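Visitor:
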Amino acid sequence: MRWTEKKPDFMPADIEAGFRSMGFLECLYVLNKFRSKPVIVLQRSVIDDVNEHLEKRNVEMGGLLLGRVFQDEDCPSDFFVTVEKGVQSSTFSSTSVSLEMSADVWDAAREQGVEGQYVVGWYHSHPNLGAFFSGTDRHTQRSFFNHRHSIGLVIDPIRNERKFFMGPESEELPVEHIVQL
Ligand SMILES: [Zn+2]
7 MRWTEKKPDF MPADIEAGFR SMGFLECLYV LNKFRSKPVI VLQRSVIDDV NEHLEKRNVE
67 MGGLLLGRVF QDEDCPSDFF VTVEKGVQSS TFSSTSVSLE MSADVWDAAR EQGVEGQYVV
127 GWYHSHPNLG AFFSGTDRHT QRSFFNHRHS IGLVIDPIRN ERKFFMGPES EELPVEHIVQ
187 L
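If you read the sequence shown in my numbering, its first letter stands for residue 7, the second for the next number, and so on.
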């Protein structure tokens, strides 16, 4: 996968604002988990949209993830990321093993994002290859999604697998650090 444009910058939001959008049990869960590793809070509609997009064709496809970063002002190393929208790449050329996205997906993200939402990562499919990050994927992550909160989501729609990676070094996030709302 290759990119032609750098991501926009972002501003983290206060953690209390993030908790206001969640139920009590979800808040407790996130509070308990994000002290050791970041947490991703996913809206189910995003996963449904992304899955629907990636299941359409049996080739590698992808897009961007819009959301927000909430960090504890007293302890900035503690943060969680909400994923609120998936933005499909409308133009791409792909083979079963590679994919190029053009700059228009960044424009679409800017247009579709509401105030306070930023590009928090990217997603792509590995049809029947398994959900893992290839060397190219790690390179993409390091080059374009290199904030500590940057998410790399890879999905194999055929084997029904998914994995989340985070940060410039593409560290895999364990499933218990993914909260689905
Ligand atoms: Zn890949």
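We put the beta carbon where it would ideally sit given N, CA and C, even for glycine.
In this text the structure is predicted, and so the values were computed from the model without any measurement.
Mind checking whether L179 and Q49 have CB atoms under 8 angstroms apart?
Guide: Not closer than 8 angstroms, so no.
Visitor: In the structure shown, what three-state DSSP assignment does I164 receive?
Guide: In this structure, I164 counts as coil in the three-state DSSP scheme.
Visitor: Just verifying my parser: in three-state terms, what is the DSSP assignment at R136?
Guide: The question names Arg, yet the displayed sequence has Gly at residue 136. Here G136 sits in coil by DSSP.
Visitor: So is G24 buried or exposed if we call it buried at 16+ other beta carbons inside 10 Å?
Guide: Buried.
Visitor: Mind listing, in chain order, the continuous beta strand (DSSP E) runs of no fewer than 3 residues lying wholly within the segment 51-130?
Guide: Qualifying beta strand (DSSP E) stretches, in chain order: 68-78, 81-94, 98-100, 105-107.
Visitor: CB F40 to CB F86, shorter than 8 angstroms?
Guide: Yes.
Visitor: Looking at C-alpha atoms only, which residue of S176, E175, F171 is the closest neighbour of I46?
Guide: For the residues S176, E175, F171, the minimum Cα distance to I46 belongs to F171.
Visitor: Just reading off the alpha helix (DSSP H) that L34 is part of, what are its end residues?
Guide: Per DSSP, L34 belongs to the alpha helix (DSSP H) from 30-39.
Visitor: Classify K169: buried if its beta carbon has 16 or more other beta carbons within 10 angstroms, exposed otherwise.
Guide: K169 should be labelled buried.
Visitor: Is it a yes or a no for the segment 149-169 touching the segment 120-139, going by three-plus beta-carbon pairs under 8 angstroms?
Guide: Enough Cβ pairs lie closer than 8 angstroms, so yes.
Visitor: Check the DSSP bridge columns for K169 and list the partner residues they point to.
Guide: Paired residues: V160.
Visitor: Using a 10 Å radius around the Cβ and a threshold of 16 neighbouring Cβ atoms, would you call T146 buried or exposed?
Guide: Classification of T146: buried, given that the 10 Å Cβ count is 16 or more.
Visitor: Taking just the CA atoms, how far does E79 sit from I21?
Guide: I21 and E79: Cα-Cα distance of roughly 8 angstroms.
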